[in-house]
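Under UniProt numbering, the first residue of the sequence shown is numbered 1, with each subsequent residue one higher. Glycine included, every Cβ here is placed at the ideal spot set by N, Cα and C. Here's the structure, in structure tokens; my notes come after.
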Amino acid sequence: MEDWSNHSRIHFSHTEFVLHGFPGIIHRKLLIIPFLTVYILLLMGNFTIVHRIHAEKSLQSPMYYLISILLLASIACTTSITPKFLLGLSFGLDRISRAGCFIQMFSIYSITTFESGIMLSMALDRYVAVYRPLRYNDIMTKRTLVLLTCVSWVRSAFLVSPVVILTFSAQFCRSNVILSFVCENMGLLSLACGDITRQKMVGLAVRSVITLGDFSLLVLSYSTILYTAMKIATSKNRNKALNTCGTHLLVAMLIYLCTIISSIIYRMRRSMSIDILNLVSATYLMVPATVNPVIYGLRVKEIRKCLRKSWL
């Protein structure tokens with residue numbers, strides 16, 4: 001096992017931290033292969049879908065615009081984590097400044113919350129398409145899409161800022177080694193001394209609002225939409241509505257399921273090994289971003305058709 005105990009004895013007045021993910025793995029450099037492979041596949045898959053959406057006139061509609069925003073957000077989130085982790089494994093560049101750690105944590109939490117807001121916007125888009133089909137083009141204009149995107153960003157910053165600010169207001173006096181490959185709330189709070197009840201309560205409240213609140217609203221929205229779609233007269237339009245809504249719901253369930261599982265496991269962190277917690281974080285942050293373009297590419301007929309045309 002790589003000796004990280006020396007890092008623990010060195011203090012930088014907490015002006016910087018040491019990211020030491022998967023400390024129980026002896027040959028940590030072997031992790032470069034799976035992480036780099038997944039990251040490359042993730043970039044290729046997401047950028048391919050985004051490129052086709054913006055290149056094909058047939059895909060110039062609100063739904064595909066929102067899908068492209070969701071995929072770009074996934075790229076941004078994983079890019080704020082993976083290159084730093086790979087540099088740490090390859091060249092030992094595992095130190096991160098306090099400001100850098102703050103930015104990384106804020107980026108991760110704000111982008112994942114932004115993704116949740118975009119998925120709510122996608123549910124709104126499908127609601128208008130099913131319930132107000134004749135006024136769809138008048139309601140879902142470019143201005144509306146920009147407004148929805150901006151509201152999602154402002155909402156994410158508003159929800160995430162208290163968590164990040166409170167986390168960094170804690171006194172870190174034990175060690176500067178974060179046993180994770182990423183700056184995250186619970187990992188940092190484990191280094192704090194003094195009372196951190198307020199930080200934990202605020203973090204739990206915000207995560208509950210985002211995870212349980214948004215997910216419940218999405219399930220309720222799509223259940224209503226799917227119920228109405230079943231009553232559509234023509235089987236072609238009905239199947240199209242069911243397939244599209246089903247695809248969005250599948251992506252949402254994947255993202256929220258990973259989030260919920262990670263939240264539960266992190267609450268049981270005392271009985272879990274550090275490496276398991278790191279694996280959970282990697283799954284939560286990278287699996288949805290890798291699988292989403294595959295789901296959209298396979299299940300959305302218009303995207304699948306454009307991809308097939310570009311490859312032939």
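By a C-beta neighbour count over all protein chains shown, 10 Å radius and 16 as the cutoff for buried, is residue i buried or exposed?
i	result
P293	buried
Y227	exposed
D94	buried
I10	Unreliable positioning characterises I10 in this predicted model, as indicated by a pLDDT of 41, which lies under 50. The coordinate reading is nonetheless provided below. Classification of I10: exposed, given that the 10 Å Cβ count is below 16.
L298	exposed
A55	exposed
Q104	buried
T211	buried
F91	exposed
Q60	exposed
A282	buried
A241	buried
N239	exposed
H248	buried
C193	exposed
Q171	exposed
A99	exposed
Hey, would you say residue i sits closer than 9 Å to residue j, going by beta carbons?
i	j	result
C183	I276	no
L120	M286	no
R126	T244	yes
residue 315	M140	Limits of the chain in this structure are 1 at one end and 312 at the other, which puts residue 315 out of reach.
L71	N46	yes
I178	F215	no
I108	S152	no
G213	V163	no
L87	L31	no
Kindly give me the distance between the Cβ atoms of residue i and residue j, rounded to whole angstroms, as I take these residues to be in contact under 8 Å.
i	j	result
A76	I111	6 Å
L191	R174	5 Å
S262	G24	Wrong, their Cβ atoms sit about 19 Å apart, outside the cutoff.
C258	Y284	5 Å
E16	N176	7 Å
Would you say the beta carbon of residue i is closer than 8 Å to some non-hydrogen atom of the ligand NAD?
i	result
T149	Ligands are entirely absent from the displayed structure, and the ligand NAD is therefore not among its contents.
inquiry  = To test your reading of the DSSP string, which unbroken beta strand (DSSP E) runs of 3 or more residues are found completely within the segment 124-179?
reply    = Listed in chain order, nothing qualifies, since the segment 124-179 has no complete beta strand (DSSP E) run of 3 or more residues.
ask   = Quick one: complete alpha helix (DSSP H) runs, 4+ long, within the segment 211-243?
value = If one requires a minimum length of 4 residues, the alpha helix (DSSP H) runs lying completely within the segment 211-243 are 214-229, in chain order.
request  = Any chance you could list the beta strand (DSSP E) runs of at least 3 consecutive residues sitting entirely within the segment 61-102, in chain order?
outcome  = As far as the segment 61-102 is concerned, its whole beta strand (DSSP E) runs of at least 3 residues are 95-97.
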